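The numbering used here puts the first residue of the sequence shown at 7, with every later residue one more than the last. One structure is given below, encoded as structure tokens.
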Amino acid sequence: MLKRFSISREEIMPKYGMPLDSATLNDLGAAIYSIVFGMAYFIITGYPGASPLFTSFLKDYLGLSDSAYGLILTLPFITVLIQVPFTIYVARHGRIKQSFLLAGALAKVTFLTLAFLPILGNRLDSQAAFLVVVVTIILTSTFNWIADSAINTWFGSLIPTEIKGRYFSTRQMIFTIAMLFYALTMSQLLQILRDWRWKYTLFFGLAVLFGLIDILFYTKVRPPEKAYMPWFHTSPEQKRQTFTMRQFLMPLRDTRYRAYLLFTISWSFSMQISGPYYNVYMFNDLKFTLGQMTLLSQIIPAIATILFLRRIGRAFDHYGFKPILILSCGVSLVLPVTWMFATVDSNWFVYVSNVLSGIFNIGIDLAIMSLAIFLAPHAERSAYLAMKSISMALLGFVPAILIGGFLSDLLRPVLLEARLPFLGGQVLNPFHVLLVLSFFLRLLTLLVFARRLHEPTAMSFFAFVAHANATHLAQVRRHRVLLREKRRRLRQHLHPRKK
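Below is the structure:
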């Protein structure tokens with residue numbers, strides 16, 4: 007007698023392009039659902055950078071100069087050094103899940119300190135308030151870097167390599183939709199609460215609440231030791247004898263990973279020398295309100311990302327990360343140029359720039375994150391990811407932000423007095439100088455470092471262009487054939503032949 011059998015919908019149409027067991031699907035789903043809540047924390051704070059709201063808190067409420075503002079923004083990247091002892095701890099003891107849950111929760115709770123500054127009001131002088139902000143950012147970012155190292159190592163075991171592009175693009179699209187919702191909601195609330203003295207207390211409190219809900223989702227996810235591709239560490243006794251600084255520096259001896267590190271350092275520097283000061287320029291020079299800044303820097307890029315992200319994910323899986331990364335970096339060269347033409351009367355250039363940013367910068371971010379995870383050997387992934395975070399932060403982000411802030415304060419009085427002409431009848435200002443530097447540094451990175459990236463399974467850039475062009479032409483021909491067939495059937499329907 008034949009046994010009855012059934013085929014599930016998941017086996018017929020796999021969710022991520024391949025059949026997966028239910029436990030893995032639950033893990034992948036929880037990592038997506040969590041970000042729906044966690045996105046509120048990042049929208050409000052802009053961590054590790056600064057959101058429009060946090061920029062307003064630092065510049066308007068605390069009255070910081072560009073140099074002090076830049077110093078605050080470098081603190082999260084300096085504290086990345088905590089990943090060195092954390093990597094040693096993970097190699098000896100494991101406990102990645104426990105570390106992520108504890109560090110993630112502490113990061114959110116610590117940030118709550120800033121919500122009390124408006125309540126204290128004039129009881130704290132400006133220097134004391136600045137010190138509170140510095141200490142809070144140091145503690146929050148320290149815990150966040152531990153959580154970041156833990157979750158990236160965890161993802162390496164959680165996500166099957168065959169679907170990494172599709173999964174990351176799906177996750178990115180979901181949290182982009184969440185980001186769009188939160189940004190729209192926040193922009194409306196900011197209009198209503200524009201003059202309310204407690205608005206920072208309200209929003210920072212909400213950021214902490216939603217951030218903690220994000221962390222709670224991971225309590226239901228299997229630890230790396232029991233995930234789809236189990237992660238193992240040797241015994242504590244062995245690691246005390248074998249784990250050395252030489253082992254920690256292993257990524258620098260890996261030629262493939264060293265080429266990746268050089269690219270990410272150079273690209274991070276080229277982006278961050280102007281990146282933190284876009285919000286400052288919109289706030290001070292273009293006279294945008296917080297609602298307009300949220301619309302331009304978060305809502306418009308989010309819409310563009312949602313429309314194109316699934317295609318980017320499929321392209322990653324089909325062509326590899328490298329060719330899409332090179333294409334996206336090439337388009338990114340246009341972005342600082344568009345900002346050079348932005349004035350109070352021609353701010354539509356900002357809209358164009360942010361649409362392109364939403365499409366192509368997300369491709370750059372996803373490719374950089376994915377290559378960091380999947381170029382690293384499985385057993386040494388935590389050490390490789392720590393080296394990536396430390397090198398990007400200390401050699402890319404920190405010097406770029408500090409140089410950008412220093413140049414802004416140094417050049418402002420000089421350029422105000424010189425009144426040098428610039429594009430479109432403008433007067434040259436420090437932000438224009440930073441944009442010019444950013445353009446040439448991006449170009450240098452693209453021409454020198456991007457081509458040296460090594461991804462074994464990726465197409466070359468020229469093969470990608472040829473294949474994409476051939477695919478496009480084939481689609482055009484197919485559409486033409488279908489159109490002719492539709493016209494033929496329409497003529498037959500309108501003028502049937504008599505029998």
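All residues carry an ideal CB built from backbone N, CA and C; glycine is no exception. The structure presented is a predicted model; accordingly, all values stated were derived computationally and were not measured.
Residue i bridges to which residues according to DSSP?
i, result
"P427", "V433"
Residue i lies in the alpha helix (DSSP H); which residues open and close that run?
i, result
"F149", "S132 to L164"
"G110", "I102 to F117"
"T270", "T261 to Q278"
"R320", "I306 to Y325"
"M398", "First-last for M398: undefined, no H or E at that position."
"N290", "Y283 to N290"
"P506", "In the structure as shown, the chain begins at 7 and stops at 505. Residue 506 is therefore absent and cannot be evaluated."
"Y47", "S28 to T51"
"F60", "P58 to S62"
"P502", "Note, P502: premise wrong, no alpha helix (DSSP H); not H, not E."
"I365", "Per DSSP, I365 belongs to no alpha helix (DSSP H) and is neither H nor E."
"L302", "Unbroken run through L302: none, as it is neither H nor E."
"T344", "V340 to M346"
Going by DSSP in three states, residue i sits in which element: helix, strand or coil?
i, result
"Q247", "Note that Q247 scores a pLDDT of 43, beneath 50, so its modelled location is shaky and nothing firm can be said."
"A464", "coil"
"R200", "coil"
"M7", "A caution first: M7 carries a pLDDT of 38, below 50, which makes its placement in the model unreliable, though a value can still be read off. Residue state, collapsed to three classes: coil."
"T85", "helix"
"T225", "helix"
"S71", "coil"
"D351", "coil"
"H478", "helix"
"A385", "coil"
"F122", "helix"
"L413", "helix"
"P236", "coil"
"K293", "coil"
"F187", "helix"
"F210", "helix"
"L255", "coil"
"F455", "coil"
"P419", "helix"
"P25", "coil"
"P54", "coil"
What do you get for residue i, buried or exposed, if any count of 16 or more other CB atoms within 10 angstroms of its CB means buried?
i, result
"A406", "buried"
"L59", "buried"
"Q244", "Its pLDDT being 44, under 50, Q244 is placed unreliably by the model, and the measurement read from it follows with that caveat. Flag for Q244 reads exposed."
"P329", "buried"
"D27", "exposed"
"S175", "buried"
"D154", "buried"
"R448", "buried"
"R490", "exposed"
"D66", "exposed"
"I125", "exposed"
"D201", "exposed"
"F1", "Beyond the ends of the chain as shown, which are 7 and 505, falls residue 1; an answer cannot be given."
"G69", "exposed"
"P502", "exposed"
"K205", "buried"
"R172", "buried"
"V71", "Before going further, note that residue 71 is Ser rather than Val in the sequence given. Its Cβ having fewer than 16 others within 10 Å, S71 is exposed."
"V214", "buried"
"N360", "buried"
"N158", "buried"
Determine whether the Cβ of residue i lies closer than 8 Å to any Cβ atom of chain E.
i, result
"Q197", "Chain labels in this structure do not include chain E; a single protein chain is all it has."
Should the region 373-393 be called in touch with the region 260-271, which here means at least 3 C-beta pairs below 8 Å?
-> yes
Would you check if there are 3 or more beta carbon pairs closer than 8 Å linking the region 100-113 to the region 217-233?
-> yes
At least 3 beta-carbon pairs within less than 8 Å: the region 282-290 vs the region 326-344 | no
Is the region 461-472 touching the region 313-331, taking contact as three or more C-beta pairs under 8 Å?
-> yes
Do the region 421-436 and the region 293-308 meet, that is, are 3 or more Cβ pairs less than 8 Å apart?
-> no
Decide if the region 39-58 is in contact with the region 357-371; the criterion is three or more beta carbon pairs, one per stretch, under 8 Å apart.
-> no
With a cut-off of 8 Å, do at least 3 Cβ pairs link the region 253-264 to the region 433-442?
-> no
Three or more beta-carbon pairs under 8 Å between the region 75-93 and the region 191-210, yes or no?
-> no
If you pair each beta-carbon of the region 350-362 with each one of the region 475-488, do three or more pairs fall below 8 Å?
-> no
Examine the Cβ distances between the region 255-264 and the region 137-152 and report whether three or more of them are shorter than 8 Å.
-> no
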